[in-house]
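Heads up, the thing below is written out as structure tokens.
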Amino acid sequence: MSGTMNSVLEVSDLRKSFGGIAAVDGVSFEVREGEILGIIGPNGSGKSTLFNCVLGQLTPSSGEVRVDGMRTTGMRPCDLNRLGVSRTFQLLQVFPQLSVRDNLILAGQEHQGSMFSRLFGRADAGLGEAADQMIEFFRLSHLAAAAAGALSYGQQKLLDAAMAFMAGPRLVLLDEPAGGVNLTMLANLRERLQAYHAEYNATFVVIEHQMEFVMALCTRVLVLAEGRIIAEGAPADIRKNPIVIEAYLGH
Ligand code: ADP
Ligand code: MG
Numbered sequence: 305m306s307g308t309m310n311s312v313l314e315v316s317d318l319r320k321s322f323g324g325i326a327a328v329d330g331v332s333f334e335v336r337e338g339e340i341l342g343i344i345g346p347n348g349s350g351k352s353t354l355f356n357c358v359l360g361q362l363t364p365s366s367g368e369v370r371v372d373g374m375r376t377t378g379m380r381p382c383d384l385n386r387l388g389v390s391r392t393f394q395l396l397q398v399f400p401q402l403s404v405r406d407n408l409i410l411a412g413q414e415h416q417g418s419m420f421s422r423l424f425g426r427a428d429a430g431l432g433e434a435a436d437q438m439i440e441f442f443r444l445s446h447l448a449a450a451a452a453g454a455l456s457y458g459q460q461k462l463l464d465a466a467m468a469f470m471a472g473p474r475l476v477l478l479d480e481p482a483g484g485v486n487l488t489m490l491a492n493l494r495e496r497l498q499a500y501h502a503e504y505n506a507t508f509v510v511i512e513h514q515m516e517f518v519m520a521l522c523t524r525v526l527v528l529a530e531g532r533i534i535a536e537g538a539p540a541d542i543r544k545n546p547i548v549i550e551a552y553l554g555h
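According to the numbering used here, the sequence shown is numbered sequentially starting from 305.
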């Protein structure tokens, strides 16, 4: 039986093939409320494809996705946004010409849907205050009015993550938030995500290549290899799991 209490996301036997090649090959897992689930695995193991199937960028070949028990398989990204599921992409999605604050407001509008802003009848859809709180939380106050494109890469990744948390999402999927970020900003990003989690009991799933980042941040870790889950457990157990070591060394 599916539908465990407090299960925010349930993925059941999900498959996605590209021209006969199974990028995701029968993946099942759930994410419980307040969890930070990490997904690791070698390049090409299907991590981003999995996110794309959960969030409607791709239609799965088979299998099922549920959010708060509701079947969402094949739903469009904008509809999933309205259900409170948001994400970051592997590549930065900030608008370089817009200010940090406007990027956050725009992200909030996207998550709430345009209906919301029409109801409020305000240019910022009442999101200005939320944006300011997010700016303060992610310690971007000195950059609030700066064009996002003028920020360092690490600061843009921080902004990108903050954007995913606008409008109080139920579930956030982060695809390589630490990718290409220097060690100082990496520690900063991890610390801010942990603080956000502690403050709001947020539920999120983090795909990440940077092993130390995942080990320090996540409460549970899934390991993907060739589209399948090959291990699952607490970070400390995953780190010493011979199957995991083999999968990483084998590539
Ligand atoms: P990861 O995020 O773990 O690096 P991906 O999900 O990006 O892995 O890719 C998994 C596999 O699926 C790879 O072999 C990749 O080449 C393939 N793949 C991903 N997206 C597409 C696509 N749009 N068309 C064809 N093949 C794809
Ligand atoms: Mg990827």
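From the three backbone atoms N, C-alpha and C, an ideal C-beta is built for every residue, glycine too.
Worksheet item: Nearest-angstrom Cα distance between GLU503 and PHE441?
Response: Counting from 1 along the sequence shown, the entry for residue 503 is found at position 199. Counting from 1 along the sequence shown, the entry for residue 441 is found at position 137. Distance between the alpha carbons of GLU503 and PHE441: 10 Å.
Item to complete: Report the rounded CA-to-CA distance for GLU558 versus GLY330, giving the unit in angstroms.
Response: Because the chain is modelled from 305 through 555, residue 558 falls outside the range shown and cannot be assessed.
Discussion item. So for ALA540, helix, strand or coil by DSSP?
Written reply: One-based indexing of the sequence shown puts residue 540 at position 236. ALA540: helix per DSSP, three-state reduction.
Worksheet item: How big is the Cα-Cα spacing for LEU444 and VAL509?
Response: Position 140 of the sequence shown, counted from the start, is the residue given in the question as residue 444. Position 205 of the sequence shown, counted from the start, is the residue given in the question as residue 509. If I take the Cα positions, the gap works out to 23 Å.
Discussion item. Going residue by residue through the region 343 to 402, where are the continuous beta strand (DSSP E) segments of at least 3 residues, counting only ones entirely within it?
Written reply: 366 to 371, 389 to 392
Worksheet item: Near GLU550, what residues of its chain come up, given a Cβ to Cβ distance below 6 Å and the 5 sequence neighbours on each side ignored?
Response: Your numbering for residue 550 matches position 246 in the sequence shown. Closer than 6 Å at the Cβ level, and outside the excluded window around GLU550, lies no residue.
Discussion item. On the DSSP bridge list, what partners appear for ILE533?
Written reply: As a first step, residue 533 must be located in the sequence shown, where it is residue number 229. In the DSSP output, where bridge partners are listed per residue, ILE533 has LEU528.
Worksheet item: Under 8 Å between the Cβ atoms of THR353 and VAL328?
Response: As a working mapping, residue 353 is identified with position 49 in the sequence shown. As a working mapping, residue 328 is identified with position 24 in the sequence shown. Yes, the Cβ-Cβ distance between THR353 and VAL328 is below 8 Å.
Fill in: 8 Å Cβ cutoff met for MET438 and ALA466
Counted from its first residue, the sequence shown places residue 438 at position 134. Counted from its first residue, the sequence shown places residue 466 at position 162. Against a cut-off of 8 Å, the Cβ pair of ALA466 and MET438 comes out as a contact.
Worksheet item: Hey, is LYS351 close to the ligand MG, as in C-beta under 7 Å from one of its heavy atoms?
Response: For this step, residue 351 is matched to residue 47 along the sequence shown. LYS351 Cβ: within cutoff of the ligand MG.
Fill in: Anticipated Cβ contact below 8 Å, ILE452 with ASN407, distance rounded
Taking the sequence shown and counting its residues from 1, the one referred to as residue 452 is at position 148. Taking the sequence shown and counting its residues from 1, the one referred to as residue 407 is at position 103. Note on identity: in this sequence residue 452 is Ala, with Ile being the wrong assignment. About 5 Å; that satisfies the 8 Å criterion.
Item to complete: Could you tell me whether the region 333 to 350 touches the region 515 to 526, where touching means 3 or more Cβ pairs closer than 8 Å?
Response: yes
Worksheet item: The alpha helix (DSSP H) with PHE441 in it runs from where to where?
Response: As a first step, residue 441 is located in the sequence shown; it is residue number 137 there, counting from the start. It spans 432 to 441 - the alpha helix (DSSP H) in which PHE441 sits, taken as one unbroken run.
Discussion item. Closer than 7 Å to a non-hydrogen atom of the ligand ADP - does that hold for the CB of ALA327?
Written reply: One-based indexing of the sequence shown puts residue 327 at position 23. Under cutoff, so the answer is yes.
Worksheet item: Can GLY345 be considered in contact with the ligand COA, in the sense that its beta carbon sits closer than 7 Å to one or more heavy atoms?
Response: The ligand COA is absent from the structure shown, which contains only the ligand ADP and the ligand MG.
Worksheet item: In this structure, does DSSP put ALA450 in helix, strand or coil?
Response: Residue 450 sits at position 146 when you count from the first residue of the sequence shown. Three-state result, ALA450: coil.
Worksheet item: For ARG474, which of helix, strand or coil comes out of DSSP?
Response: In the sequence shown, the residue the question calls residue 474 occupies position 170. For ARG474, the three-state secondary structure derived from DSSP is coil.
Discussion item. Looking at the strands, I want to know which residues DSSP matches up with SER311.
Written reply: In the sequence shown, the residue the question calls residue 311 occupies position 7. According to DSSP, which records beta bridges pairwise, SER311 is partnered with ARG336.
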